[in-house]
Amino acid sequence: MSKKWYPVINYETCNECGACVNKCSHGVYEKSTTRPHVINPDGCIDGCHGCQKLCQTQSIEYVGDTGQSQSLSMDSNGSCN
Ligand code: SF4
Ligand code: SF4
Numbered sequence: 001m002s003k004k005w006y007p008v009i010n011y012e013t014c015n016e017c018g019a020c021v022n023k024c025s026h027g028v029y030e031k032s033t034t035r036p037h038v039i040n041p042d043g044c045i046d047g048c049h050g051c052q053k054l055c056q057t058q059s060i061e062y063v064g065d066t067g068q069s070q071s072l073s074m075d076s077n078g079s080c081n
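Position one of the sequence shown corresponds to residue 1 (my numbering), numbered consecutively onward.
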């Protein structure tokens, strides 16, 4: 089964602040650098916008994001954790 939801970084606008890397506790990003590298897309939680909401440069989009909210077990911020 191919993964249908994971973040994609726009390195043209990303300022490498590291907020997304620090936010995610699901091992999606490589933790040893503040430059976001998606190393484990399978770890991303379907429908989670946690890292995107922290990004001040709108540099994160999701594969599979239709713009519709998904009724999964997210908190009120649409975040996984
Ligand atoms: S969307 Fe959520 S689970 Fe996926 S990388 Fe961002 S914080 Fe992690
Ligand atoms: S939060 Fe946004 S600007 Fe900061 S490192 Fe992640 S993608 Fe780049």
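Just so you know, even glycine gets a beta-carbon here, dropped at the ideal spot from N, CA and C. What you are looking at is a predicted structure, and each value in this text was computed from that prediction instead of being measured.
Practice task
Quick one: residues in its chain with C-beta nearer than 6 angstroms to the C-beta of proline 36, no 5 flanking neighbours on either side, listed in chain order?
Solution key: Excluding positions up to five away in sequence, the list reads Ile9, Cys20, Val21, Tyr29.
Practice task
Could you pull out every residue in the same chain whose Cβ sits closer than 6 angstroms to the Cβ of isoleucine 39, ignoring the five residues on either side in sequence?
Solution key: Within the same chain, isoleucine 39 has close Cβ partners Glu30.
Problem - Spatial distance of glycine 18 from serine 79 (CA atoms) - result: One alpha carbon belongs to glycine 18, the other to serine 79, and they sit about 17 angstroms apart.
Handout entry: Three-way DSSP call (helix, strand, coil) for proline 41 in this model
Key = In this structure, proline 41 counts as helix in the three-state DSSP scheme.
Handout entry: For threonine 57 and serine 14, believed in contact at Cβ under 8 angstroms, the rounded distance
Key = In the sequence as displayed, the identity of residue 14 is cysteine instead of serine. A Cβ-Cβ distance of about 6 angstroms is found for the pair cysteine 14 and threonine 57, placing them in contact under the 8 angstroms criterion.
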